[in-house]
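First comes the structure, then the notes that go with it.
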Amino acid sequence: MKYLKLSEIANMQSGLVLNRKEAKDEASIACTYKRLNLRSLDEEGRVDKLSLDNYNASEILDKQIITVEGDVVVRMFAPICPVIITAETSGLVIPSQLSTIRIKDQTQILPEYLRYYLAQDNIINKMLAEEGWQSQRTIKISTIANLYIPLPTIEQQITIAKIVEAKTKRKKLYQELIQQEETLINVFINKVIGGNSK
(Lines of atoms letter the chains of each structure in order from A and count residues from 1; the text may use other names and numbers.)
(Lines give C-alpha, C1' and ligand atoms only; values in the text may rest on other atoms or scores of the structure.)
Protein backbone atom coordinates (compact mmCIF):
# COMPACT_ATOMS: atom_id res chain seq x y z
CA MET A 1 0.00 0.00 0.00
CA LYS A 2 1.15 3.52 -0.80
CA TYR A 3 1.99 5.88 2.10
CA LEU A 4 2.35 9.66 1.83
CA LYS A 5 3.08 12.36 4.37
CA LEU A 6 0.00 14.36 5.27
CA SER A 7 1.83 17.51 4.12
CA GLU A 8 2.07 15.98 0.62
CA ILE A 9 -1.68 15.40 0.30
CA ALA A 10 -3.10 18.35 2.24
CA ASN A 11 -2.39 21.91 3.32
CA MET A 12 -2.55 22.66 7.04
CA GLN A 13 -3.44 26.05 8.46
CA SER A 14 -3.62 27.14 12.09
CA GLY A 15 -6.62 29.18 13.17
CA LEU A 16 -7.03 32.86 13.92
CA VAL A 17 -5.92 34.53 17.15
CA LEU A 18 -9.40 35.95 17.70
CA ASN A 19 -8.58 39.24 19.45
CA ARG A 20 -6.43 40.36 16.49
CA LYS A 21 -9.43 40.78 14.18
CA GLU A 22 -12.23 41.22 16.72
CA ALA A 23 -14.27 44.43 16.53
CA LYS A 24 -13.75 46.57 19.64
CA ASP A 25 -17.22 48.14 19.46
CA GLU A 26 -20.40 47.99 17.39
CA ALA A 27 -19.28 50.78 15.07
CA SER A 28 -16.17 48.83 14.02
CA ILE A 29 -18.00 45.59 13.08
CA ALA A 30 -17.32 44.81 9.40
CA CYS A 31 -18.87 41.33 9.43
CA THR A 32 -20.42 38.91 11.94
CA TYR A 33 -19.45 35.26 11.57
CA LYS A 34 -20.21 32.04 13.39
CA ARG A 35 -17.06 30.52 14.84
CA LEU A 36 -15.93 27.11 15.97
CA ASN A 37 -14.80 26.46 19.53
CA LEU A 38 -13.52 23.41 21.41
CA ARG A 39 -17.05 22.31 22.39
CA SER A 40 -18.28 22.34 18.80
CA LEU A 41 -16.02 19.44 17.71
CA ASP A 42 -17.77 16.21 18.67
CA GLU A 43 -16.13 12.80 18.96
CA GLU A 44 -18.20 11.37 16.11
CA GLY A 45 -16.59 13.66 13.53
CA ARG A 46 -19.28 16.30 13.22
CA VAL A 47 -19.65 19.96 14.13
CA ASP A 48 -22.19 20.60 16.88
CA LYS A 49 -23.96 23.63 15.41
CA LEU A 50 -25.69 24.43 18.71
CA SER A 51 -22.27 25.08 20.30
CA LEU A 52 -21.08 27.69 17.78
CA ASP A 53 -20.29 31.23 18.95
CA ASN A 54 -20.83 34.58 17.22
CA TYR A 55 -17.72 36.50 16.18
CA ASN A 56 -17.78 40.19 15.27
CA ALA A 57 -14.84 40.88 12.97
CA SER A 58 -13.32 44.30 12.30
CA GLU A 59 -12.65 43.31 8.67
CA ILE A 60 -13.60 40.65 6.11
CA LEU A 61 -11.51 37.63 7.08
CA ASP A 62 -9.04 35.72 4.91
CA LYS A 63 -10.54 32.58 3.30
CA GLN A 64 -7.74 30.45 4.80
CA ILE A 65 -9.23 30.81 8.29
CA ILE A 66 -12.81 30.12 7.18
CA THR A 67 -14.08 26.53 6.88
CA VAL A 68 -14.75 25.07 3.43
CA GLU A 69 -16.70 21.92 2.59
CA GLY A 70 -14.32 18.94 2.68
CA ASP A 71 -12.00 20.44 5.31
CA VAL A 72 -10.96 18.32 8.28
CA VAL A 73 -10.67 20.46 11.43
CA VAL A 74 -8.65 19.25 14.44
CA ARG A 75 -7.89 20.44 17.97
CA MET A 76 -4.23 21.16 18.68
CA PHE A 77 -4.13 18.88 21.71
CA ALA A 78 -5.19 15.30 22.38
CA PRO A 79 -7.75 14.04 21.74
CA ILE A 80 -7.72 15.99 18.47
CA CYS A 81 -11.40 15.19 17.68
CA PRO A 82 -11.14 15.56 13.88
CA VAL A 83 -14.39 16.70 12.26
CA ILE A 84 -15.58 16.93 8.65
CA ILE A 85 -16.82 20.26 7.32
CA THR A 86 -19.99 19.90 5.24
CA ALA A 87 -21.87 22.42 3.10
CA GLU A 88 -23.91 23.25 6.22
CA THR A 89 -20.84 23.98 8.34
CA SER A 90 -18.76 25.87 5.80
CA GLY A 91 -18.09 29.58 6.37
CA LEU A 92 -17.13 29.25 10.05
CA VAL A 93 -14.17 31.06 11.62
CA ILE A 94 -11.41 28.72 12.83
CA PRO A 95 -9.85 29.92 16.14
CA SER A 96 -6.19 29.41 17.09
CA GLN A 97 -6.87 26.34 19.28
CA LEU A 98 -7.86 24.52 16.08
CA SER A 99 -6.27 23.85 12.70
CA THR A 100 -7.69 22.97 9.33
CA ILE A 101 -6.49 20.25 6.97
CA ARG A 102 -7.47 21.06 3.38
CA ILE A 103 -7.00 18.13 1.00
CA LYS A 104 -5.26 19.00 -2.27
CA ASP A 105 -6.80 16.23 -4.40
CA GLN A 106 -9.93 14.36 -3.26
CA THR A 107 -9.46 11.78 -6.00
CA GLN A 108 -6.45 10.60 -3.96
CA ILE A 109 -7.85 10.72 -0.42
CA LEU A 110 -11.35 11.31 0.94
CA PRO A 111 -11.93 13.69 3.88
CA GLU A 112 -14.10 11.03 5.59
CA TYR A 113 -11.30 8.46 5.41
CA LEU A 114 -8.66 10.95 6.61
CA ARG A 115 -10.88 12.01 9.53
CA TYR A 116 -11.38 8.38 10.56
CA TYR A 117 -7.66 7.61 10.30
CA LEU A 118 -6.64 10.63 12.41
CA ALA A 119 -9.22 9.75 15.10
CA GLN A 120 -7.64 6.35 15.86
CA ASP A 121 -6.18 6.03 19.37
CA ASN A 122 -2.91 4.57 18.10
CA ILE A 123 -2.41 7.56 15.77
CA ILE A 124 -3.11 10.05 18.59
CA ASN A 125 -0.67 8.14 20.83
CA LYS A 126 1.92 8.23 18.04
CA MET A 127 1.57 12.03 17.85
CA LEU A 128 1.83 12.37 21.63
CA ALA A 129 4.97 10.20 21.61
CA GLU A 130 6.48 12.58 19.01
CA GLU A 131 5.71 15.47 21.38
CA GLY A 132 7.37 13.65 24.31
CA TRP A 133 4.11 12.82 26.12
CA GLN A 134 3.78 16.36 27.51
CA SER A 135 1.36 16.75 30.41
CA GLN A 136 -0.68 19.38 28.55
CA ARG A 137 -0.97 16.97 25.56
CA THR A 138 -0.43 19.72 22.98
CA ILE A 139 0.32 18.74 19.39
CA LYS A 140 2.18 20.90 16.87
CA ILE A 141 1.01 21.33 13.27
CA SER A 142 4.34 19.92 12.08
CA THR A 143 3.72 16.69 14.03
CA ILE A 144 0.40 16.16 12.24
CA ALA A 145 1.83 17.25 8.88
CA ASN A 146 4.66 14.69 9.16
CA LEU A 147 2.31 11.73 9.73
CA TYR A 148 2.49 9.06 7.04
CA ILE A 149 -1.03 8.27 5.82
CA PRO A 150 -1.82 4.89 4.20
CA LEU A 151 -3.68 5.36 0.92
CA PRO A 152 -5.98 2.46 0.04
CA THR A 153 -7.89 2.76 -3.24
CA ILE A 154 -10.71 5.31 -3.40
CA GLU A 155 -13.18 2.41 -3.55
CA GLN A 156 -11.74 1.01 -0.30
CA GLN A 157 -11.84 4.47 1.29
CA ILE A 158 -15.53 4.82 0.31
CA THR A 159 -16.24 1.43 1.91
CA ILE A 160 -14.44 2.45 5.12
CA ALA A 161 -16.35 5.76 5.20
CA LYS A 162 -19.70 3.94 4.79
CA ILE A 163 -18.87 1.44 7.56
CA VAL A 164 -17.87 4.25 9.93
CA GLU A 165 -21.04 6.23 9.10
CA ALA A 166 -23.23 3.17 9.77
CA LYS A 167 -21.42 2.52 13.07
CA THR A 168 -21.93 6.16 14.13
CA LYS A 169 -25.66 5.99 13.36
CA ARG A 170 -26.03 2.73 15.31
CA LYS A 171 -24.15 4.19 18.28
CA LYS A 172 -26.44 7.25 18.31
CA LEU A 173 -29.52 5.01 18.18
CA TYR A 174 -28.23 2.86 21.06
CA GLN A 175 -27.55 5.98 23.15
CA GLU A 176 -31.08 7.26 22.49
CA LEU A 177 -32.58 3.87 23.44
CA ILE A 178 -30.55 3.76 26.67
CA GLN A 179 -31.69 7.30 27.53
CA GLN A 180 -35.34 6.38 26.88
CA GLU A 181 -35.02 3.25 29.02
CA GLU A 182 -33.45 5.24 31.89
CA THR A 183 -36.32 7.75 31.71
CA LEU A 184 -38.95 4.98 31.82
CA ILE A 185 -37.22 3.26 34.75
CA ASN A 186 -36.99 6.54 36.69
CA VAL A 187 -40.68 7.30 36.04
CA PHE A 188 -41.65 3.81 37.23
CA ILE A 189 -39.48 3.95 40.38
CA ASN A 190 -40.68 7.46 41.27
CA LYS A 191 -44.27 6.31 40.80
CA VAL A 192 -43.71 3.37 43.17
CA ILE A 193 -41.80 5.18 45.92
CA GLY A 194 -43.65 8.45 45.40
CA GLY A 195 -46.94 6.80 46.36
CA ASN A 196 -45.45 5.52 49.63
CA SER A 197 -43.70 8.72 50.69
CA LYS A 198 -44.78 10.32 53.99
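For the sequence shown, the positions run 834 to 1031 when our numbering is used. Where a beta carbon is used, it is the ideal one built from N, C-alpha and C, also for glycine.
- For the region 935–988, the continuous beta strand (DSSP E) assignments of 3+ residues that do not extend past its boundaries occur at 981–984, in sequence order.
- Listed in chain order, the beta strand (DSSP E) runs fully inside the region 855–880 are 864–868, counting runs of at least 3 residues.
- Looking at W966, K882, Y950, E892, the one whose alpha-carbon comes closest to that of S923 is K882.
- Rounded to the nearest angstrom, the gap between the Cα atoms of Q846 and S975 is 11 Å.
- By alpha-carbon distance to D954, the top candidate from L1006, D938, E876 is E876.
- If you look at L839, you'll find it isn't in any beta strand (DSSP E); it sits in the alpha helix (DSSP H) that goes 839–842.
- Spatial neighbours of S840 in its own chain (CB-CB distance under 8 Å, excluding positions within 5 residues in sequence) are listed in chain order as A978, N979.
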